[in-house]
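Q:
There are 2 protein chains.
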Amino acid sequence: MHPMVSNKVSNKEGEEAGAKARPATKPRGRPRSFDRETALEKAILAFWEHGYEATSVSDLTRVMDIGAPSLYSAFGDKQSLFEEVVREYGVRYGSFADRALAEEPTARAAVARMLREAATEYTDPAHPHGCLVVHAATNCSTPEVEESLRGRRNANIAAIRSRIEADVATGALPPDTDAAALARHTGAMIQGMSQQARDGASREELEALAEIAMANWPRT
Amino acid sequence: MHPMVSNKVSNKEGEEAGAKARPATKPRGRPRSFDRETALEKAILAFWEHGYEATSVSDLTRVMDIGAPSLYSAFGDKQSLFEEVVREYGVRYGSFADRALAEEPTARAAVARMLREAATEYTDPAHPHGCLVVHAATNCSTPEVEESLRGRRNANIAAIRSRIEADVATGALPPDTDAAALARHTGAMIQGMSQQARDGASREELEALAEIAMANWPRT
DNA sequence: ACATTTCTCTAGTGGTCGCTACAAAAATGA
DNA sequence: TCATTTTTGTAGCGACCACTAGAGAAATGT
Chain A
603 MHPMVSNKVS
613 NKEGEEAGAK
623 ARPATKPRGR
633 PRSFDRETAL
643 EKAILAFWEH
653 GYEATSVSDL
663 TRVMDIGAPS
673 LYSAFGDKQS
683 LFEEVVREYG
693 VRYGSFADRA
703 LAEEPTARAA
713 VARMLREAAT
723 EYTDPAHPHG
733 CLVVHAATNC
743 STPEVEESLR
753 GRRNANIAAI
763 RSRIEADVAT
773 GALPPDTDAA
783 ALARHTGAMI
793 QGMSQQARDG
803 ASREELEALA
813 EIAMANWPRT
Chain B
603 MHPMVSNKVS
613 NKEGEEAGAK
623 ARPATKPRGR
633 PRSFDRETAL
643 EKAILAFWEH
653 GYEATSVSDL
663 TRVMDIGAPS
673 LYSAFGDKQS
683 LFEEVVREYG
693 VRYGSFADRA
703 LAEEPTARAA
713 VARMLREAAT
723 EYTDPAHPHG
733 CLVVHAATNC
743 STPEVEESLR
753 GRRNANIAAI
763 RSRIEADVAT
773 GALPPDTDAA
783 ALARHTGAMI
793 QGMSQQARDG
803 ASREELEALA
813 EIAMANWPRT
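Here the protein sequences line up with chains A and B, keeping their order. Residue numbering for the first sequence follows the working numbering, starting at 603 and increasing by one per position. Residue numbering for the second sequence follows the working numbering, starting at 603 and increasing by one per position.
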């Protein structure tokens with residue numbers, strides 16, 4: 603779309619002249635005056651807090667502290683910057699679900715840990731509350747952006763479902779378990795917790811929520 | 603804000619000259635060329651589908667089939683039209699929760715019915731999926747609008763909590779019940795179901811979700 | 001030194017936003 | 001008939017949107 607998107611590997615090593623593998627030659631032209639990684643982090647926080655639409659390019663240039671041409675040259679247009687933001691958000695903040703699924707011995711333990719860590723993550727005062735993937739592109743006038751995040755949400759539920767089905771296969775869960783419904787319930791729970799975090803719920807309140815989701819409605 | 607908002611009672615009886623109470627005199631000037639109620643319904647559907655920000659005034663004038671001056675004269679500015687839309691949405695589409703709380707004999711029955719009816723309502727093909735109050739003002743650059751819907755969401759949870767506390771008081775629920783957490787769990791569940799409806803879940807899938815929320819995670 | 005490459009800064013582009021001034025149109029009261 | 005009241009259509013307001021042309025600045029290669 604944009605003609606001047608730089609697809610080069612970003613020179614993470616910077617100027618400290620470390621012994622790590624460096625690009626063979628120094629780049630030719632005027633060097634970039636800002637650190638791409640920290641600028642991207644600022645963009646993550648801005649999109650996380652205000653969403654795709656409500657974060658204008660001039661908002662971005664202000665918080666990233668760069669001019670508009672620098673932004674377009676380094677990240678492409680607003681939409682491709684957002685895509686990179688979402689990808690990087692997944693790496694830096696959204697990986698707890700995948701980790702729980704990979705590391706816990708059972709689906710039940712994975713989901714319990716996932717919900718517990720969501721309570722912590724979604725209320726961390728170090729960054730905006732809730733989940734960027736849930737909230738940053740609802741009611742978006744760019745349908746591809748909305749669809750992209752929808753795809754990620756549904757992929758997460760599919761991953762939970764696979765983990766549950768694996769436990770059903772090994773007998774760790776009863777054979778009549780409705781894996782799809784159980785996975786969707788977990789996804790809905792996480793999304794509801796994210797909404798609650800946005801609406802002011804505390805970590806303790808979200809943890810109580812998670813406990814109820816894993817336990818029982820009290821019998822009368 | 604807008605100087606020309608008409609606060610008159612809308613002449614719902616119209617031209618059928620019924621025997622009901624009518625305004626004492628006919629209005630003086632040129633009569634309105636559109637039906638205010640049906641125009642409002644169109645606005646509800648537009649805001650419901652696309653949200654506050656992504657629904658532009660020119661979108662509204664197109665779907666309501668009126669000119670911009672007519673819109674501003676009949677409904678005030680965009681924000682006050684949205685407020686009226688939210689109020690009317692609550693009356694026409696969002697009252698199932700209050701009805702369940704008022705009509706069911708126990709909090710548990712009320713919540714069970716609430717979730718069941720949410721599954722139906724949120725996937726009704728006759729209108730946009732999910733809940734307007736949940737989705738129409740997330741990531742909104744007008745903070746008052748966002749805050750207004752947040753207030754409604756939290757008020758709904760508070761109402762559920764009151765109903766639960768009433769059951770605890772009468773002994774219909776155990777005295778150690780955490781009413782706040784249970785209410786918040788229900789709210790999160792409803793919000794998660796709304797998100798799921800937006801993401802393509804069917805009525806049956808949401809009903810399975812509701813059943814899980816009211817029942818149990820299967821024991822291994 | 002000088003050409004080349006790349007980035008940064010200024011200053012915009014056309015387009016859409018929410019909103020409104022103005023005058024013609026359509027009703028009523030006299 | 002004619003003045004009054006209100007709505008309607010046209011046409012356009014300033015502000016902001018995402019985005020970029022073009023010139024100068026800062027690095028490298030020769």
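Ideal placement from N, C-alpha and C gives every residue a C-beta, glycine not left out.
DSSP on GLU615 (chain A), reduced to helix/strand/coil?
A: For GLU615 (chain A), the pLDDT reaches just 35, beneath the cut-off of 50, and the residue's location in the model is therefore unreliable, although a value from the coordinates is still provided. Looking at GLU615 (chain A) - three-state DSSP - the assignment turns out to be coil, as it is neither helix nor strand.
Q: Quick one: any contact between the region 778 to 797 of chain A and the region 794 to 806 of chain B, if contact means 3 or more CB pairs under 8 Å?
A: Because the criterion of three Cβ pairs below 8 Å is met, the region 778 to 797 of chain A and the region 794 to 806 of chain B touch.
Q: Taking the continuous alpha helix (DSSP H) assigned at ASP661 (chain B), which residues delimit it?
A: Note, ASP661 (chain B): alpha helix (DSSP H), 659 to 666.
Q: Under 8 Å Cβ to Cβ from HIS729 (chain B), same chain only, skipping five residues before and after it: list those, please.
A: Cβ within range, chain order: LEU647, TRP650 and TYR695.
Q: From PRO633 (chain B) to SER672 (chain B), what distance separates their C-alpha atoms?
A: So the alpha carbons of these two residues sit roughly 11 Å apart.
Q: So for SER750 (chain B), helix, strand or coil by DSSP?
A: If DSSP states are grouped into helix, strand and coil, SER750 (chain B) belongs with the helices.
Q: Does the beta-carbon distance from GLU655 (chain A) to SER764 (chain A) come in below 8 Å?
A: Taking 8 Å as the Cβ cut-off, GLU655 (chain A) and SER764 (chain A) do not qualify as a contacting pair.
Q: Using beta carbons (cut-off 8 Å, strictly below), is HIS731 (chain A) in contact with chain B?
A: By this cut-off, HIS731 (chain A) is not an interface position.
Q: Since ALA783 (chain B) contacts GLU807 (chain A) with CB under 8 Å, what's their CB separation in whole angstroms?
A: Indeed they touch by this definition, with Cβ atoms about 7 Å apart.
Q: Distance, Cα to Cα, TYR691 (chain B) vs GLU809 (chain B)?
A: Spanning the two alpha carbons is a distance of roughly 23 Å.
Q: In chain order, what residues of the same chain lie with their CB nearer than 6 Å to the CB of LEU751 (chain B), ignoring the 5 residues before and after it?
A: Contacts found: VAL735 and ALA739.
Q: Just confirm the distance between the C-beta atoms of ARG786 (chain B) and ALA803 (chain A), as a whole number of angstroms; I'd bet it's less than 8 Å.
A: Correct: roughly 7 Å between the Cβ atoms.
Q: Return the Cβ separation of ALA812 (chain A) and THR725 (chain A) in integer angstroms, given the expectation that the two are a contact with Cβ distance under 8 Å.
A: That pair is no contact at about 12 Å.
Q: Which whole-angstrom value is the C-beta distance of ASP769 (chain A) and ALA721 (chain A), which I expect to be below 8 Å?
A: ASP769 (chain A) to ALA721 (chain A), Cβ: 23 Å. No contact.
Q: For VAL713 (chain B), collect the residues of the same chain with a Cβ closer than 6 Å to its Cβ; drop the 5 residues on either side in sequence, then sort them by chain order.
A: Closer than 6 Å at the Cβ level, and outside the excluded window around VAL713 (chain B), lie THR788.
Q: Can you tell me which of B:ALA757, B:ILE814, B:GLU706 and B:ARG805 puts its alpha carbon nearest to the alpha carbon of GLU723 (chain B)?
A: Cα-wise, what sits closest to GLU723 (chain B) is B:ARG805.
Q: Give the interface partners of GLN793 (chain B) over in chain A, defined as CB-CB distance under 8 Å, in chain order.
A: The contacting residues are GLN793, GLY794, GLN797 and GLN798.
Q: What span of residues does the alpha helix (DSSP H) with ARG825 (chain B) cover, start to end?
A: Chain B is shown from 603 up to 822; residue 825 (chain B) falls before or after that span and cannot be answered.
Q: Under 8 Å between C-beta atoms, does GLY653 (chain B) make it to chain A?
A: Yes, GLY653 (chain B) lies at the interface with chain A (some Cβ there is under 8 Å from its Cβ).
Q: For chain A, is any of its Cβ atoms less than 8 Å away from the one on VAL736 (chain B)?
A: Interface residue, yes.
Q: May I have the straight-line CA-CA distance separating ARG630 (chain B) from PHE636 (chain B), to the nearest angstrom?
A: Their backbone Cα atoms lie some 17 Å apart in a straight line.
Q: Would you say SER743 (chain A) lies against chain B (beta-carbon separation less than 8 Å)?
A: Output row for SER743 (chain A): interface = yes.
Q: Taking the continuous alpha helix (DSSP H) assigned at GLY692 (chain B), which residues delimit it?
A: Here the alpha helix (DSSP H) through GLY692 (chain B) covers 680 to 694.
Q: Put GLU806 (chain A) into one of helix, strand or coil per three-state DSSP.
A: Reduced to three states, the DSSP call for GLU806 (chain A) is helix.
Q: Output the distance between the C-alpha atoms of GLY627 (chain A) and PRO727 (chain A), rounded to the nearest integer angstrom.
A: Per the sequence shown, residue 627 (chain A) should be read as Thr rather than Gly. Near 42 Å, if we compare the C-alpha coordinates of PRO727 (chain A) and THR627 (chain A).
Q: Using a Cβ cut-off of 8 Å (strictly closer), state whether ALA623 (chain B) contacts chain A.
A: Residue placement at ALA623 (chain B) is flagged as unreliable, the pLDDT there being 40, under the threshold of 50; a coordinate-derived value is accordingly withheld.
Q: What residues in its chain sit with their C-beta under 7 Å from that of THR657 (chain A), if we drop five residues either side in the sequence?
A: These residues qualify, in order along the chain: ALA648 and PHE649.
Q: Starting from the C-beta of VAL687 (chain A), find all residues in its chain whose C-beta is less than 6 Å away, skip the five residues before and the five after it, and write them out in chain order.
A: Within the same chain, VAL687 (chain A) has close Cβ partners ALA645, ILE646 and PHE649.
Q: Starting from LEU734 (chain A), follow the alpha helix (DSSP H) in both directions and report where the run begins and ends.
A: Here the alpha helix (DSSP H) through LEU734 (chain A) covers 734 to 737.
Q: Does DSSP put ALA799 (chain A) in a helix, in a strand, or in coil?
A: ALA799 (chain A): helix per DSSP, three-state reduction.
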